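Residue numbers (our numbering): 1498 to 1761.
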């Protein structure tokens, strides 16, 4: 193999060998030499050689849920979202010559079976915590098949409250804290940033703010922003600032968030 003899695999009657494959994309040049002596005592030798490439298959996915511009992760699946899955096969041939067979929860999806069908999508209305299992089988023109499966978990949309020195800008390195300590007369700008809602634009969300049980209004042009001013005569203590984001088009899709405001 690759020019090196395999003494442990050679010998009389060794018509086949078993090898452990390396990483996907690795090529192995396998050569066999067959020697035999005929009835006249003459030695006959034949040889043949093939190249075997290790196949590989990866799956990647994302959902069409909303994430802010500075979010570097993957948009996650929430109720009502569409999930897009891509199969990345390494079999040494064009995807046009590969037959893709997709399964969702172990059921073959007929309309997604065919050559060059690298992508598959589905919409899920399951509850938070449920999982969908996606599997793909990829077969080449010679009948060799590799498969890959994964589970995708349904999550709830989220809202994270950030502090910002500017009224409507989240700093690139912003951190979310569970508590902010303020003095009487001090002011703070807070922004509610949504994640994983089934929306195309943040304008599809409404926000309800409250502080210490009293409702607050967000900025007219940016309802996800609130400027909180601690009165000069405010009593010392810890209060709750809460916000709930709601999807206008999916009334059951909402996400709450809260932070503690400690006045000293």
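Where a beta carbon is used, it is the ideal one built from N, C-alpha and C, also for glycine.
Note that the structure is predicted; figures quoted are calculated from it, not measured.
Can you give me the C-alpha to C-alpha distance between residue 1743 and residue 1737, rounded to a whole angstrom? Looking at the two C-alpha atoms, the distance is approximately 19 Å.
Confirm, please, whether the CB-CB distance from residue 1635 to residue 1586 is below 9 Å. Against a cut-off of 9 Å, the Cβ pair of residue 1635 and residue 1586 comes out as a contact.
Kindly indicate which residue of 1534, 1755, 1758, 1750 has the alpha-carbon position closest to the one of residue 1576. 1750
Return the chain-ordered list of same chain residues with a C-beta closer than 7 Å to the C-beta of residue 1499, the five sequence neighbours on each side being excluded. 1525, 1526
Hey, residue 1756 and residue 1733: beta-carbon distance below 9 Å or not? no
Can you give me the Cβ contacts of residue 1753 inside the same chain, cut-off strictly under 6 Å, excluding the 5 residues immediately before and after it? 1741
Taking the beta strand (DSSP E) that residue 1524 belongs to, which residues open and close that run? 1524-1534
Hey, quick one: how far does the beta strand (DSSP E) through residue 1686 stretch, first residue to last? 1684-1692
Roughly how many whole angstroms lie between the Cα atoms of residue 1606 and residue 1598? 8 Å
Quick one: Cα of residue 1521 to Cα of residue 1560, how far? 27 Å
Is it buried or exposed for residue 1562, if we count other Cβ within 10 angstroms and need 16 for buried? buried
Using CA coordinates, which residue listed in 1684, 1639, 1644 is at the minimum distance from residue 1661? 1684
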